[in-house]
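When we follow my numbering, the leftmost residue of the sequence shown carries the number 50, and every step to the right adds one.
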Amino acid sequence: MPDPVNLLLTLLQVIQTSIVPITHEAILLGNPLFGAAILSRSNLRPLTVSTNNGTVSPLLHGELNCIQQYFTVTFPDRACRPNPGNDTIFLATHEPCSLCLSAIAWAGFHEFYYLFTHEESRDLFGFGGDIDILEQVFRVQGHETQDQVRHRALYNRDNNYFSGRSIAAMIEKLDNATAKSMLEKKMQDVKDIYNGLHQEWLNVTHANQSSSTS
């Protein structure tokens, strides 16, 4: 396992230098700001990078696009393909929805990391569907009260298929105060970029709506 500080710094750098540019291009076409990357476990080099393509199909989330590209474009030859579980780690800009969680599990990725939580996707960017679908479709009430159900985790972040980790939570747990401060600043810088991307997406969406009604 890579050094945690180096891992976290690399994840943030990959988001900023590899995912953000293609996300910006996708936003200009009307797609929202969700992206993903698959990295080599040995050297943390990005192998496949992709973003949301919802203007083509509502199923083409950033994670799904990335997984599909990994198997069919980057490594179409199974004999040459790094094993998803043993040789790679998965990075998502936003905590995966139920669709993407299932795709990550089915594709065989054993660990993933994400920058924005489900709650941040809802509160900062207005995308509440991730939480709504997990609650309405998958959260089954047993003998608990409604209040107990509401406080239950939306999914198992550690299970037989994968482990999911919040970048922010990992930074918070660091003992090295200098590294922690550096990574917190880096993370905020990247989050600020996404605030700008979201505003740009809102502008594009508004312009498209205005042109369609004129």
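Even glycine gets a Cβ: it sits at the ideal position worked out from N, Cα and C.
Asked	Found
Assumed close pair Ser147, Leu108 - CB separation to whole angstroms, cut-off 8 Å	Not really, about 12 Å apart at Cβ, beyond 8 Å.
C-alpha gap between Thr142 and Pro125, whole angstroms	25 Å
Rounded C-alpha distance that separates Asp52 from Asn225	12 Å
C-beta contact flag for Val98 and Ile71 at 8 Å	yes
Trp250 versus Ile216 - alpha carbon distance	24 Å
Integer-rounded CB distance, given that Pro131 should sit under 8 Å from Ser89	7 Å
Top-ranked residue by Cα proximity to Leu56, from Ile76, Ser91, Phe83	Ser91
Close-in-space but distant-in-sequence residues of the same chain around Leu232 (CB under 8 Å, 5 per side omitted)	Val54, Leu57, Leu58, Leu61, Ile220, Leu223
Whole beta strand (DSSP E) elements within the stretch 57-124, 3-residue minimum	84-89, 95-100
Anticipated Cβ contact below 8 Å, Asn101 with Gly84, distance rounded	7 Å
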